[in-house]
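Residue numbers (my numbering): 5 to 315.
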Amino acid sequence: MTEAALLEAVATLARRAGEVIMALYARDIDIAVRNKHDTSPVTIADEQAEALILAGLSQLTPDLPVISEEAAAAGHLPPVEGRQRFWLVDPLDGTKEFLQRNGEFTVNIALIERCREHCRPILGVVYAPALGSRGRLFGGLLHEPQETGTTGTTGTTDTTGTAWLEDDTGRRPIRCRPAPTAGLTIVTSRSHGDTAALDAFLAERKIPVAALIPAGSSLKLCLIAAGEADLYPRLGRTMEWDIAAGHAVLSAAGGRVTTLDGDELRYAKPGLDNPHFIARGLTEKAPGQTFPGHQPAPLNRAEPSPPPRRH
């Protein structure tokens, strides 16, 4: 099976998992919730979607291990050290959004590949089944990386890929946009935001802000991939399965996910938890603008920027 065909098969699997989730979402009942050891909620929708995805991946790629959120929480964590490829799955990313019934939850499936000594997502599907009549389905597939230089202590890679969005209007290619001259649209976390930390981050880096848009789940990365936003600073805890699929889509669309120091975000880390990171589109393309991961000179403005709009 080609990687393009594998992406299509995984997209179909994500849609099937979305159908399972939506069957429960549409029922006018209270869905039983229990808390995991980290106090995050889990529902029967998480568990049923995960069972379907695990069964599907075992048929598609029987030799590849799968790390999935709920199974990992239950202690089922297959070893991936030294493996060339493995899957990362979050069957229902945004359980809080699911319970709050705002529609901003997703199914996340990502294929991780070892590239030299580091691991990165090369294929990803993010499906938001409750948005629109057919949901919003994002897909991304990376091609061979090329070394471009150094950032911080690790080399950066210039990746090309194919990214698309499928919704009520059909399927179309997506691409990150160059940074607007009027300022950046910043995506914030709807359920895990720290307004004071975000404001300090933006002010310290003198990032010109046009608007702040809250969103749930991996949709935050996909909004940047689709050219609907420019920057997502994540200044709180996440796990690898939370962002791997969105990371693949964003990278395939021309964007990047880096640490606050500008190093490429790595996968298969001990514990699978992420450092604080920044997801961004083509923010380097705007001459004179600042962007995370660099130490720019202060911007010279004749007058202060207007305050950002909060949607």
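Every residue, glycine too, gets a C-beta built ideally from N, C-alpha and C. From a predicted model like this one, the values you see are computed outputs, not experimental measurements.
Close Cβ partners of residue i (< 6 Å) along its chain, the five nearest in sequence each way excluded
{"i": "His80", "result": "none"}
{"i": "Glu170", "result": "Leu141"}
Through-space distance from residue j to residue i, alpha-carbon basis
{"i": "Phe90", "j": "Val84", "result": "7 Å"}
{"i": "Val129", "j": "Leu11", "result": "8 Å"}
{"i": "Ala219", "j": "Leu254", "result": "16 Å"}
{"i": "Asp94", "j": "Ile25", "result": "13 Å"}
{"i": "Glu73", "j": "Ala183", "result": "34 Å"}
{"i": "Pro69", "j": "Arg120", "result": "19 Å"}
{"i": "Ser137", "j": "Trp168", "result": "18 Å"}
{"i": "Ala340", "j": "Gly144", "result": "Limits of the chain in this structure are 5 at one end and 315 at the other, which puts residue 340 out of reach."}
{"i": "Thr160", "j": "Asp97", "result": "Confidence in Thr160 is poor, its pLDDT being 43 and thus under 50, which makes the residue's placement too unreliable to answer from."}
{"i": "Arg175", "j": "Leu206", "result": "34 Å"}
{"i": "Gln104", "j": "Tyr29", "result": "11 Å"}
{"i": "Leu115", "j": "Arg31", "result": "32 Å"}
{"i": "Thr287", "j": "Gly258", "result": "11 Å"}
Pick from the options that is closest to residue i, judged by C-alpha positions
{"i": "Thr173", "options": "Gly139, Pro95 and Thr189", "result": "Gly139"}
{"i": "Ile211", "options": "Thr185, Glu117 and Glu12", "result": "Thr185"}
{"i": "Val261", "options": "Leu96, Ser195 and Cys180", "result": "Cys180"}
{"i": "Gly285", "options": "Gly231, Glu51, Ala132 and Ile48", "result": "Gly231"}
{"i": "Ala215", "options": "Leu276, Ile228, Ala233 and Lys224", "result": "Ala233"}
{"i": "Gly266", "options": "Pro279, Arg176 and Ala8", "result": "Pro279"}
{"i": "Leu235", "options": "Gly60, Trp245 and Ala283", "result": "Ala283"}
{"i": "Asp50", "options": "Pro69, Ala78, Leu223 and Ser62", "result": "Ala78"}
{"i": "Ile113", "options": "Leu135, Ala13, Pro177 and Pro82", "result": "Ala13"}
{"i": "Phe109", "options": "Glu117, Thr99 and Ile116", "result": "Thr99"}
{"i": "Ala272", "options": "Arg118, Ala55 and Ile57", "result": "Arg118"}
{"i": "Phe281", "options": "Ile247, Ala9, Leu17 and Pro274", "result": "Ile247"}
Proximal residues to residue i (C-beta, below 7 Å), its chain only, five neighbours per side dropped
{"i": "Asp198", "result": "Leu239 and Gly240"}
{"i": "Thr189", "result": "Ala214, Ala215, Ile217, Ala233 and Asp234"}
{"i": "Arg270", "result": "His122 and Cys123"}
CB contact check: residue i to chain B, cutoff 8 Å
{"i": "Ser195", "result": "Absent from the structure is chain B; it holds one protein chain and no more."}
Residues near residue i by beta carbon distance below 8 Å, same chain, minus five either side
{"i": "Gly107", "result": "Glu101, Ala132, Ala134 and Leu135"}
{"i": "Arg313", "result": "At Arg313, the pLDDT of 41 sits below 50, so the modelled position is not reliable; the number obtained from the coordinates is stated separately. Closer than 8 Å at Cβ, skipping near neighbours: Ala214, Ala215 and Leu216."}
Supposed close pair residue i, residue j - CB separation, criterion 8 Å
{"i": "Lys224", "j": "Ser193", "result": "7 Å"}
{"i": "Val191", "j": "Leu227", "result": "6 Å"}
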